[in-house]
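Reading through the structure tokens given below for one structure.
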Amino acid sequence: MKKAFTLIEVMIVIAVIAILAGITTVGWGNYRQGIEEKKVKSDLQMVVSALQNEINFKDSYPNSLPSTIKPSEGVQLDYIREGSGYCVQATSTEVPSVKHYIRSTNTSAVQNGNCTPPPATPVASASALSSTSIRVTWPAASGATSYTVRYGTSSPTTTASCNSSPCTISALSSSTTYRFNVTATNASGSATSATVTASTPAPYTCPEGGTLSGSNCTETYTASYQSGSDGYYYCSGGGTPSNGTCTSSSTYPASYQSGTSGSYSCPNGGTQSGGTCTTTTTSSYPADYYPSTTVCPVNQPCQRVPARYECPNGGSLSGTSCQTTTTSSYPATYNSGSPGYYYCPSGGSESGGTCYTSSTYSASYQPGTSGYHYCSRGGSLVNTTCTRVYAATQG
Numbered sequence: 001m002k003k004a005f006t007l008i009e010v011m012i013v014i015a016v017i018a019i020l021a022g023i024t025t026v027g028w029g030n031y032r033q034g035i036e037e038k039k040v041k042s043d044l045q046m047v048v049s050a051l052q053n054e055i056n057f058k059d060s061y062p063n064s065l066p067s068t069i070k071p072s073e074g075v076q077l078d079y080i081r082e083g084s085g086y087c088v089q090a091t092s093t094e095v096p097s098v099k100h101y102i103r104s105t106n107t108s109a110v111q112n113g114n115c116t117p118p119p120a121t122p123v124a125s126a127s128a129l130s131s132t133s134i135r136v137t138w139p140a141a142s143g144a145t146s147y148t149v150r151y152g153t154s155s156p157t158t159t160a161s162c163n164s165s166p167c168t169i170s171a172l173s174s175s176t177t178y179r180f181n182v183t184a185t186n187a188s189g190s191a192t193s194a195t196v197t198a199s200t201p202a203p204y205t206c207p208e209g210g211t212l213s214g215s216n217c218t219e220t221y222t223a224s225y226q227s228g229s230d231g232y233y234y235c236s237g238g239g240t241p242s243n244g245t246c247t248s249s250s251t252y253p254a255s256y257q258s259g260t261s262g263s264y265s266c267p268n269g270g271t272q273s274g275g276t277c278t279t280t281t282t283s284s285y286p287a288d289y290y291p292s293t294t295v296c297p298v299n300q301p302c303q304r305v306p307a308r309y310e311c312p313n314g315g316s317l318s319g320t321s322c323q324t325t326t327t328s329s330y331p332a333t334y335n336s337g338s339p340g341y342y343y344c345p346s347g348g349s350e351s352g353g354t355c356y357t358s359s360t361y362s363a364s365y366q367p368g369t370s371g372y373h374y375c376s377r378g379g380s381l382v383n384t385t386c387t388r389v390y391a392a393t394q395g
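Residue 1 is where the sequence shown starts when you use the working numbering, and the numbers rise one by one after that.
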């Protein structure tokens, strides 16, 4: 009975077979690529010879490959006119990674790759961003796959860390002129721009304090506080406020009322003189009548006496009546006079010949104000902190 292989022995055999297969594959691949390389390069040299004949006889290169040029089996030829010259590219269709080209400008050198033309020359410009940084910019150069920026004070020898536009170069010296160029590169070559210059300005400073940012300074400081005011009552029409009421006072000259003197009077009639009242009463009675007679006095001729009336009780005869007058007296009554005085015809109280008036009305109310923070040096206020941005000083 035969002994079987163990699992370990089987795994070892498999590993050895895999290694041998890999070596064989790699070897065949390298061998095949080598053959294709020779075919491609041989075809390129054949094309160069044919095109040289064209220019020798026709003084110019053709616009396309002559029909007499036949590539090897598995080789593709691409012909590209470049100005007055050309570029021929040969690619293996069996091994596409095998790709070479040759240009009319250098027919002795077969290059690896394709006929991509060298990049266009970039047009660079530079401008200062700050006292320590300069920005270099350029529009895309046709055909470029990468860029290299170089700079320096006397010539562009230092390579910048950035490789795309815009490229900002920092940590430069202030007040210094720098020179820059940009090199565009692709698989076919490179092209370098003309050298441009830019100068860093003098550094900016913040003379009033704060933090410098570009050409501006940002300062923060504690806001000032303005205390508020209490509300109060006031009298818009004048006067004095008290508990929400205004009292307005005014004065004007009082008017004067003259007084009267004391006098005597006779309440029971009569005429007053010296404080005594005298009354006169008139009464009448019939007069006695005497008829006409003749009177013969002794030793006198007789005389006729006419009829007459007489008042035997005295009095004065008036017609056929006698009028008697009786006079009596009594103490006159004394009426005290009144003193003169001042008075206020338009109202108010009088004092010393002046009238004082007052009126009341509701006082107006002026609300108070709250205290607040403000930025005494300008800027924007947030809570109790002011932030002010001002232009930095340069130089």
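Here a beta-carbon is modelled for each residue, glycine too, at the ideal position from N, C-alpha and C.
Same chain only: Cβ atoms within 6 Å of residue 283, ignoring 5 sequence neighbours per side: Taking residue 283 as the centre and dropping the five residues before and after it, the same chain places the C-beta of 324 closer than 6 Å to its C-beta, in chain order.
Beta-carbon proximity check, residue 202 vs residue 170, cutoff 8 Å: no
Which runs of the beta strand (DSSP E), 3 residues or longer, sit entirely within the region 199-285? 211-213, 216-222, 224-226, 232-234, 240-242, 245-253, 255-257, 263-265 and 271-273
Residue 44, DSSP secondary structure in three states: helix
Measure the alpha-carbon distance for residue 367 versus residue 358 and round it to whole angstroms. 27 Å
Could you tell me the alpha carbon to alpha carbon distance between residue 375 and residue 381, rounded to whole angstroms? 7 Å
Whose C-beta lies closer than 6 Å to the C-beta of residue 190 among residues of the same chain, with five residues either side of it excluded? 183
Of the residues 361, 194, 33 and 103, which one's Cα is nearest the Cα of residue 121? 194
What is the rounded straight-line gap between the Cα of residue 118 and the Cα of residue 186? Near 6 Å, if we compare the C-alpha coordinates of residue 186 and residue 118.
Looking at the unbroken beta strand (DSSP E) that takes in residue 317, where does it start and where does it end? 316-318
Looking at the unbroken beta strand (DSSP E) that takes in residue 366, where does it start and where does it end? 364-366
Delimiting residues of the beta strand (DSSP E) encompassing residue 351: 349-351
So residue 136 is in the beta strand (DSSP E); what residue range does that whole segment cover? 133-137
As assigned by DSSP and simplified to three states, the class of residue 383: coil
Drop a sphere of 10 angstroms on the beta-carbon of residue 124, count the other beta-carbons inside from all chains shown, and report buried for 16 or more, exposed for fewer. buried
Endpoints, the beta strand (DSSP E) within which residue 369 is located: Where residue 369 is concerned, there is no enclosing beta strand (DSSP E), given that its DSSP letter is neither H nor E.
Residues that residue 186 bridges to, as DSSP identifies them: 189
Once DSSP output is grouped into helix, strand and coil, what is the label at residue 396? This structure cannot speak to residue 396, because the chain is shown only from 1 to 395.
From 129, 226 and 166, residue whose alpha carbon lies closest to that of residue 140: 166
Evaluate residue 304 with the Cβ neighbour count: other Cβ atoms within 10 Å of its Cβ, from every protein chain shown; 16 or more gives buried, anything less gives exposed. exposed
Put residue 52 into one of helix, strand or coil per three-state DSSP. helix
What residues match up with residue 125 in a beta bridge as DSSP calls it? 137
Please check the pair residue 223 and residue 355, which I expect to be a contact at CB under 8 Å, by giving their CB distance rounded to whole angstroms. Actually they are not in contact, since the Cβ atoms of residue 223 and residue 355 sit about 57 Å apart, beyond 8 Å.
How far does the beta strand (DSSP E) with residue 61 in it extend, from its first residue to its last? DSSP places residue 61 outside any beta strand (DSSP E), giving it a letter other than H or E.
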